[in-house]
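Colleague: Quick one: structure below, then a few questions.
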Amino acid sequence: MQMRIVNAWNEWDELEEIVVGIADDAYFEPTEPGSCPALRDKHAAKIFPFPKGPKKQEVTEKANEELNGLVALLESHGVTVRRPEKHNFGTPVKTPLFEVENQYCAVCPRDVMITFGNEILEATMSRRARFFEYLPYRKLVYEYWNQDPYMIWNAAPKPTMHDLMYREEFWEWSLEKRFERMHDFEFCITQDEVIFDAADCSRFGHDIFVQESMTTNRAGIRWLKRHLEPRGFRVHDVHFPLDLFPSHIDCTFVPLAPGVVLTNPERPIKAGEEKLFIDNDWQFIEAPHPTSTDDEMPMFCQSSKWLAMNVLSISPKKVICEEQEHSLHELLDKHGFDVYPIPFRNVFEFGGSLHCATWDIRRRGTCKDYFPKLNYTPLAATTNSVSRFIM
Ligand code: ARG
8 MQMRIVNAWN
18 EWDELEEIVV
28 GIADDAYFEP
38 TEPGSCPALR
48 DKHAAKIFPF
58 PKGPKKQEVT
68 EKANEELNGL
78 VALLESHGVT
88 VRRPEKHNFG
98 TPVKTPLFEV
108 ENQYCAVCPR
118 DVMITFGNEI
128 LEATMSRRAR
138 FFEYLPYRKL
148 VYEYWNQDPY
158 MIWNAAPKPT
168 MHDLMYREEF
178 WEWSLEKRFE
188 RMHDFEFCIT
198 QDEVIFDAAD
208 CSRFGHDIFV
218 QESMTTNRAG
228 IRWLKRHLEP
238 RGFRVHDVHF
248 PLDLFPSHID
258 CTFVPLAPGV
268 VLTNPERPIK
278 AGEEKLFIDN
288 DWQFIEAPHP
298 TSTDDEMPMF
308 CQSSKWLAMN
318 VLSISPKKVI
328 CEEQEHSLHE
338 LLDKHGFDVY
348 PIPFRNVFEF
358 GGSLHCATWD
368 IRRRGTCKDY
378 FPKLNYTPLA
388 ATTNSVSRFI
398 M
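Reading the sequence shown from the start, the letters are residues 8 to 398 in this note's numbering.
Now the structure itself:
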């Protein structure tokens, strides 16, 4: 019997194999139409530009220490951990349609790569500096593809990333204007091309929830629907209107076990979209206030304080959390989870926390229906596609 290596249907089943990012050769994210990085401190941001070029060696080393700490913890739980290849993120990118001065890093595989059951899918990505971010993972993907005959490998269509793909004035809009328009769900990317980052998807067995955001548009969600539904998945778009700069769902809506989602009290799900969960007996647990305010987050970190809820489940009972988030530890403990705290704040300026910095390859388990009362027919299977899941 040949070995099944790629098999992960949700965010919580018992973890067996995972990829953890590396901080080597990371660069600051450049300013581009899809991203406008700024210093955390609002006063400093008015005077000093966001840095350019490579991250300092000692900063990279500290992040790597914490990433290695995560590896050690996972291995102590019997999980196989793989790492991406080194990549020269200092190389500028020039395609026929755009140019960008440097790339970013391989700390957050979650943003680029996703496992849907026995399929590995490479996202289109939404930013120029991340166009080639699949490269550090390709060697691993080939290895899985060569060793696991059931593994399906796909790469979503690459967008042009031409100026026309972006709405550059988005960055100039005032907060008032964003607030007024929060139900338009229009951000820095336009709707003409297929665009999504993998981290806007959250896997719940048969059901996949995809957030409309600055990094995923409606065409991107349509593409995922047509790609996944003939294989039996159901794809749902979800929205969090009070997040005025949404990007990646894993600091907003985080499933921890069948029937349990950790929710963000400042970013409630759009009215009406909660119904599916309630009808199917899902419980929302509100995350407590994070330890840091947004102003106290690391100077170069572009994510919000809600990285606090970016936890990694290693089973439906065990969750890895950032060490300083004591209120979250207590809450999870109260709900019957075992909490494994580890330091991770030095990773924050590389794009995320524990969930972002990982990409699960295999979790023990099969594809289940956690929304049995859902009355929804997925797009029909085409004649030449697999209509049933291989378990
Ligand atoms: N945009 C999110 C926030 O600031 C951060 C998401 C990080 N997630 C990730 N997969 N890189 O709340």
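The C-beta atom is built at its ideal place from N, Cα and C for all residues, glycine as well.
1) I want to know whether the region 375-385 touches the region 337-348 - three or more CB-CB distances under 8 Å.
2) Could you tell me which uninterrupted beta strand (DSSP E) segments, each at least 3 residues in length, are contained entirely in the region 24-88, listed from first to last along the chain?
3) Indicate, with yes or no, if the ligand ARG has a heavy atom lying under 7 Å from the CB of His84.
4) According to the Cβ coordinates, are Leu235 and Val245 closer than 8 Å?
5) Output the distance between the C-alpha atoms of Glu332 and Leu104, rounded to the nearest integer angstrom.
6) So who's on the other strand from Ala162, going by DSSP bridges?
7) With which residues is Asp367 paired in a DSSP beta bridge?
8) Is the beta carbon of Asp302 sitting closer than 8 Å to the one on Asp32?
9) Does His243 come out as helix, strand or coil in the three-state DSSP assignment?
10) I'd like to confirm the pairing. Which residues does DSSP put opposite Pro262 in its beta bridges?
11) My guess is that Asn161 and Gln198 are in contact by the Cβ rule of under 8 Å, so how many angstroms apart are they, rounded?
12) Give the DSSP-derived three-state secondary structure of Phe401 in the structure shown.
13) Using a Cβ-Cβ cutoff of less than 6 Å, which residues in the same chain neighbour Tyr377 once the five nearest sequence positions on both sides are dropped?
14) In this structure, does DSSP put Gly124 in helix, strand or coil?
15) According to DSSP, simplified to helix, strand and coil, what is Gln290?
16) With a cut-off of 8 Å, does the C-beta of Asp340 fall near any C-beta of chain D?
17) Any contact between the region 117-128 and the region 357-370? By contact I mean 3 or more CB pairs, one from each, below 8 Å.
18) Here's a check: name, in chain order, each residue in its chain whose Cβ is nearer than 7 Å to the Cβ of Met306, leaving out the five neighbours to either side.
19) Taking the alpha carbon of Glu68 as the reference point, which residue from Ile29, Glu36, Ile12 has its own alpha carbon closest?
20) Which residues in the same chain as Ile190 place their Cβ atom closer than 7 Å to its Cβ, once the five residues preceding and following it in sequence are excluded?
21) DSSP has Arg117 in a bridge; who is on the other side?
22) Does the region 352-362 come within contact of the region 313-327, defined as at least 3 CB pairs closer than 8 Å?
Modeller: On the basis of the coordinates in this document:
1) The answer is no - the region 337-348 does not touch the region 375-385, with fewer than three Cβ pairs under 8 Å.
2) Fully enclosed beta strand (DSSP E) runs of 3 or longer: not present.
3) Not so, every heavy atom of the ligand ARG lies at least 7 Å from the Cβ.
4) The answer is no: Cβ separation not under 8 Å.
5) Near 44 Å, if we compare the C-alpha coordinates of Leu104 and Glu332.
6) Residue pairing by DSSP places Ala162 opposite Glu129 in a beta bridge.
7) Its beta-bridge partners are Ile25.
8) The answer is no: Cβ separation not under 8 Å.
9) When secondary structure is reduced to three states using DSSP, His243 falls in the strand class.
10) Among the bridge pairs identified by DSSP, Pro262 is matched with Val268.
11) Their Cβ separation, rounded to whole angstroms, is 23 Å, which puts Asn161 and Gln198 out of contact at 8 Å.
12) Summary: the structure shown does not reach residue 401, with the chain confined to residues 8 through 398, and so no result is reported for it.
13) Taken in chain order, the residues that qualify are Phe211, Gly212, Pro265.
14) Of the three classes helix, strand and coil, the one that applies to Gly124 here is strand, per DSSP.
15) If DSSP states are grouped into helix, strand and coil, Gln290 belongs with the strands.
16) In the structure shown, chain D does not exist; there is a single protein chain.
17) The region 117-128 makes contact with the region 357-370: 3 or more CB pairs, one atom from each, lie closer than 8 Å.
18) These residues qualify, in order along the chain: Leu46, Arg47, Asp48.
19) Checked all of Ile29, Glu36, Ile12; the closest Cα to Glu68 is Ile29.
20) Strictly speaking, residue 190 in this sequence is His, with Ile absent from that position. Closer than 7 Å at the Cβ level, and outside the excluded window around His190, lie Pro248.
21) Under DSSP, Arg117 takes part in no beta bridge, so it has no partner.
22) Judged by Cβ distances under 8 Å, the region 352-362 makes contact with the region 313-327, as three or more pairs qualify.
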